[in-house]
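Following: one structure in C-alpha cells, then a few remarks.
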Amino acid sequence: MEQVSVQLQGVFILITLLTVFQFYRATAARKSFLLVVILWMLLQLILGLKGFYYLKETIPPRFILLVFPPLLLILMLFGTPGGRRYMDKLNTAELTLLHCVRLPVEIVLYFLFISKVIPELMTFKGYNFDVLMGLTAPFVYYFGYLKRKLSRTVLLIWNLTGLCLLLNIVVLAILSAPTPLQRIAFDQPNLAVSHFPFNWLPSVIVPLVLFSHLASIRQLLFKDK
Numbered sequence: 001m002e003q004v005s006v007q008l009q010g011v012f013i014l015i016t017l018l019t020v021f022q023f024y025r026a027t028a029a030r031k032s033f034l035l036v037v038i039l040w041m042l043l044q045l046i047l048g049l050k051g052f053y054y055l056k057e058t059i060p061p062r063f064i065l066l067v068f069p070p071l072l073l074i075l076m077l078f079g080t081p082g083g084r085r086y087m088d089k090l091n092t093a094e095l096t097l098l099h100c101v102r103l104p105v106e107i108v109l110y111f112l113f114i115s116k117v118i119p120e121l122m123t124f125k126g127y128n129f130d131v132l133m134g135l136t137a138p139f140v141y142y143f144g145y146l147k148r149k150l151s152r153t154v155l156l157i158w159n160l161t162g163l164c165l166l167l168n169i170v171v172l173a174i175l176s177a178p179t180p181l182q183r184i185a186f187d188q189p190n191l192a193v194s195h196f197p198f199n200w201l202p203s204v205i206v207p208l209v210l211f212s213h214l215a216s217i218r219q220l221l222f223k224d225k
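full-length UniProt numbering numbers the first residue of the sequence shown as 1 and each following residue consecutively.
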C-alpha cells in the first residue's frame, strides 16, 4: 500500500513471524504446524499482492476467505479425538506469552489509522481494547505459570476476557471493511487488511490468538493443573 510506509510494513511482517514462532514453541517445535502455516502465509502473500481481496462487491465477500479456512481447521481440531489430543499437548504458558504480540499489533493499527487505511474505531483510541491483553500477558505468564500465584479461575477469566476483546475487534473490522457487509466507518474504511502484509492479521495472527485462548481454556477446564 503506497500510503503505508515500508518500515511499518516491515514491522508488521516481523510481528507476524514472531507470532508464528511463539506458537511453534507452544507446539514443542512440531514441524507439521510450521509447514501448514508457512504454506498458508505464502498463499495469502500471493493473493494480497494480486489484490484478490480488494474487490468490494463480491457475494460472499472475499474478505471471509481470510478467516474461514483457519476457523474450519480449529473446528476440526475440536471435533476430532486426534485434534483434542493435539490441543492438550500444547504448552499453555507459551500460549499465554503469545498474547504479548497484541500490544505491538495495536501500535501498528494506530499508525494504519494515521495513514488513513483503517478507521479510528479499530484502534485503542476508538473501541478496540485488545491492547489490554498485550499489556497483561507478561504478568499472567509470570504470576500464573512461572510463580503459580494465579488460580485456575483467574486464568479462565483472563482467557475469556481475551476472547471477548478479540471478537470485538473482529466484528469492528468486518463491519468497517468496504464490502456489502459494511455498516460503519464509511468516511475512512478498513482497507489495510485487503493488502499484503496486513492481510496476515485476519488470516494468521487472529486465528493463532483465537486458538491459543481456546486451547488454554480447554486445558484449564479439563486437564489437571
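Glycine included, each C-beta is placed from N, C-alpha and C at the ideal position.
Buried versus exposed call for residue i [16 or more other C-beta atoms within 10 Å across all chains shown]
| i | result |
| --- | --- |
| GLN44 | buried |
| PRO207 | buried |
Through-space distance from residue j to residue i, alpha-carbon basis
| i | j | result |
| --- | --- | --- |
| ILE107 | SER203 | 19 Å |
| TRP158 | LEU221 | 13 Å |
| PHE186 | VAL171 | 15 Å |
| SER216 | PHE198 | 26 Å |
| TYR142 | ASN91 | 14 Å |
Chain-order list of residues whose beta-carbon lies under 6 Å from that of residue i (same chain, five-residue window excluded)
| i | result |
| --- | --- |
| GLU120 | PHE113, GLY126 |
| LEU49 | PHE196 |
| ARG25 | GLU94 |
| LEU156 | LEU220 |
Cβ shell of residue i (< 8 Å), same chain only, five flanking positions each side left out
| i | result |
| --- | --- |
| GLU2 | none |
Start-to-end residues for the alpha helix (DSSP H) that takes in residue i
| i | result |
| --- | --- |
| ARG85 | 81-88 |
| MET41 | 31-49 |
| TYR141 | 131-141 |
| CYS100 | It is not in any alpha helix (DSSP H) - CYS100 carries neither H nor E in the DSSP assignment. |
| TYR145 | Neither: TYR145 is in no alpha helix (DSSP H) and is coded neither H nor E. |
| SER176 | 152-176 |
| TYR24 | 6-26 |
Neighbourhood of residue i by C-beta, 7 Å cutoff - its chain only, sequence neighbours within 5 removed
| i | result |
| --- | --- |
| ARG183 | LEU175 |
Three-state secondary structure assigned by DSSP to residue i
| i | result |
| --- | --- |
| ARG183 | coil |
| LYS225 | Any reading at LYS225 needs caution, since the residue's pLDDT is 49, under 50, leaving its predicted position unreliable; the model's value is listed next. Correct three-state label for LYS225: coil. |
| SER115 | coil |
| GLU94 | helix |
| HIS213 | helix |
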